[in-house]
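J.: Numbering (the numbering used here), first residue to last: 699 to 1030. Once you've had a glance at the structure underneath, I'll fire off some questions.
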């Protein structure tokens, strides 16, 4: 980050407004245009200047482009941290700028409401499909309670692979220093964004990507979570090897999925590539990827059994397999 482009980028009221908005939440270009009351091409020009200066970052999801601040206090270079502080002080000291920022935030509330309404429409459209699946297995509450207990303690930097609607990120937000949700579907990411929009902007990242090639550096995460997503993998062992790459030594992995079953309609009607997993399969996958498995948790349902497999990344390869132990789920 260089001083000249940074100062030029901040020498414009609209760009200052954009940066204050991005400090609250990640926004699509069209959403920014709506809040600012300006045309999308004009807003895009301002965004280009901010990105060139290293103050903001673009992220493409399908046909949408999202913007986020690149000057969060926890990860910014020194000049970025100074810029963040300057923007905060400017709003506090300049009454006119503060009034403009307050008006922008009122418009931002409409964006939040629109996201929530869009999510409700989607769920209403797919409710019957989801209900068909839910009656087959253990209710969500006991599964979430069991997963919460299995992970325990602080989660550090958490990667939620196949984040879907963002429920797991929402559940574990109080125990994670930072949350990253990745999903291949732009529509799912929009649902997650609606669910998680009340979290601090600096705590959550939502990324479009594939679990076979995670777009993150090695040793980036303390906890990696797969909640009802691994059964979509054609090669689960390759997916878990990729998860091990981005996990730190000593980091945890948790996989929530179905025990092996014969419900063929889940393959034909719901695109499941795998009809669940046996303990032998999963423990072999984890060990081969570089995780030492923990005891398996089983939660029998009406037709399908939900299993929770956890493990910890070690510095070598291979690892001991631990026998299954029963789990008594309790409501909290």
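Heads up, the beta-carbon is just placed ideally off N, CA and C, and yes, glycines get one too.
Using the three-state DSSP reduction, which class does residue 959 fall into: helix, strand or coil?
T.: Coil, per DSSP.
J.: Determine the direct distance from the alpha carbon of residue 854 to that of residue 873, and round the result to whole angstroms.
T.: Roughly 7 Å between the two C-alpha positions.
J.: Rounded to a whole number of angstroms, what is the C-alpha to C-alpha distance between residue 715 and residue 893?
T.: Cα to Cα, the separation comes out at about 24 Å.
J.: Which of the three DSSP states, helix, strand or coil, is assigned to residue 1010?
T.: Here residue 1010 sits in strand by DSSP.
J.: Output the residue ranges of the beta strand (DSSP E) runs that lie fully inside the segment 746-807 and measure 3 residues or longer, sorted by chain position.
T.: The segment 746-807 contains these whole beta strand (DSSP E) runs: 754-759 and 762-767.
J.: When the Cα of residue 973 is compared with those of 1009, 740, 929 and 942, which residue comes out closest?
T.: Closest option to residue 973, Cα to Cα, is 929.
J.: Can you tell which of 965, 905 and 887 has its C-alpha closest to the C-alpha of residue 878?
T.: Minimum Cα distance to residue 878 is reached at 905.
J.: Regarding residue 978 and the ligand FAD, is the C-beta to nearest heavy atom distance less than 6 Å?
T.: With respect to the ligand FAD, the structure shown offers nothing to examine, as it has no ligands at all.
J.: Kindly indicate if chain E contains any beta-carbon less than 7 Å away from that of residue 737.
T.: In summary, chain E is missing from the structure at hand, where a single protein chain is found.
J.: Output the distance between the C-alpha atoms of residue 914 and residue 908, rounded to the nearest integer angstrom.
T.: Rounded to whole angstroms, residue 914 to residue 908 spans 11 Å at the Cα level.
J.: Would you kindly check if the distance between the Cβ of residue 864 and the Cβ of residue 843 is under 7 Å?
T.: No, these two residues do not count as a Cβ contact at 7 Å.
J.: List the whole-angstrom C-beta distance separating residue 1002 from residue 959, where the pair is believed to meet the contact cut-off of C-beta under 8 Å.
T.: That belief holds up - the Cβ atoms of residue 1002 and residue 959 are roughly 5 Å apart, short of 8 Å.
J.: From what residue to what residue does the alpha helix (DSSP H) around residue 712 run?
T.: Start and end: 711-720.
J.: Under three-state DSSP, which class holds residue 913?
T.: Residue 913: coil per DSSP, three-state reduction.
J.: In terms of residue numbering, what span does the alpha helix (DSSP H) encompassing residue 891 cover?
T.: Residue 891 -> alpha helix (DSSP H) spans 884-894.
J.: If we call anything under 7 Å between Cβ atoms a contact, is residue 723 one with residue 932?
T.: Contact flag unset, no.
J.: So residue 876 is in the beta strand (DSSP E); what residue range does that whole segment cover?
T.: Looking at the DSSP string, the run of the beta strand (DSSP E) that includes residue 876 is 874-881.
J.: Within the chosen definition, does the segment 961-978 reach the segment 938-946 through at least 3 CB pairs nearer than 8 Å?
T.: Counting Cβ pairs under 8 Å, fewer than three are found: no touch.
J.: Tell me, to the nearest whole angstrom, how far the beta carbon of residue 841 is from that of residue 923; I am working on the premise that it is less than 8 Å.
T.: That belief does not hold up - the Cβ atoms of residue 841 and residue 923 are roughly 13 Å apart, past 8 Å.
J.: For residue 982, tell me which candidate among 758, 884 and 1008 has the shortest Cα-Cα distance.
T.: Measuring from the Cα of residue 982, the nearest candidate turns out to be 1008.
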